[in-house]
């Protein structure tokens, strides 16, 4: 739906079929995303110098690669109800997939973060850690709050509030793509 919505707003929207099926798959999934981004950027219908990447939920740890070394063509990184600090029982604290640590190297890369008010406490804690780290290093994060939204709110909480949150997040991403 997000890719279709983006396309309806005059930009190319693509969905990446990465192979993140298990905690052990982050390396493979990150490679899948990087490969797909390069193929999409090479498409003649795409302005490869104006790209935004949008991550959801458990894909959040993959943002660390892009935050830690943002390429010049990356205009915005968006994350919706993301896992931004690997959960303690995941056994990934020492891996590269730790956006809270990576955001210190994001520089002036704009981040659009959609945060749900009814998030699982362990995921919400990681989001708050990320926001604190971003503020400390000066990375600009635009937060779109969905106070009454759950993880997966677009399909779980279909309300005016949730529809408005998707519209606000898309407008923010498009603003960065079009500048």
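In my numbering, the protein residues as written are -16 to 162. Beta carbons are placed, not taken as given, at the ideal position from N, Cα and C, and that holds for glycine.
Boundaries of the beta strand (DSSP E) around residue 61: 57 to 63.
Look at residue 144 here: in three-state DSSP terms it is helix. Between residue 101 and residue 132 the beta-carbon gap is near 6 Å, inside 8 Å, which marks them as a contact. Here residue 33 is near residue 160, since their CB atoms are less than 8 Å apart.
Within a 10 Å sphere around the beta-carbon of residue 120 sit fewer than 16 other beta-carbons, which makes this residue exposed. By the neighbour-count criterion, in which a residue is buried when 16 or more other Cβ atoms sit within 10 angstroms of its Cβ, residue 141 is exposed. Inclusion of residue 96 and residue 122 in the CB contact set at 8 Å is not warranted, their separation being larger than that value. For residue -13, the enclosing alpha helix (DSSP H) begins and ends at -15 to -9. Under the three-state reduction of DSSP, residue 15 is assigned to helix.
The region 35 to 49 makes contact with the region 8 to 15: 3 or more CB pairs, one atom from each, lie closer than 8 Å.
For residue 105, no beta strand (DSSP E) encloses it; the enclosing alpha helix (DSSP H) starts and ends at 104 to 120. When rounded, the separation of the alpha-carbon atoms in residue 89 and residue 81 is 13 Å.
In this structure the region 105 to 120 does not touch the region 137 to 152; the number of beta carbon pairs closer than 8 Å is below three. If you ignore the 5 residues before and after residue 128, its C-beta comes within less than 6 Å of the C-beta of 98, all in its own chain and listed in chain order.
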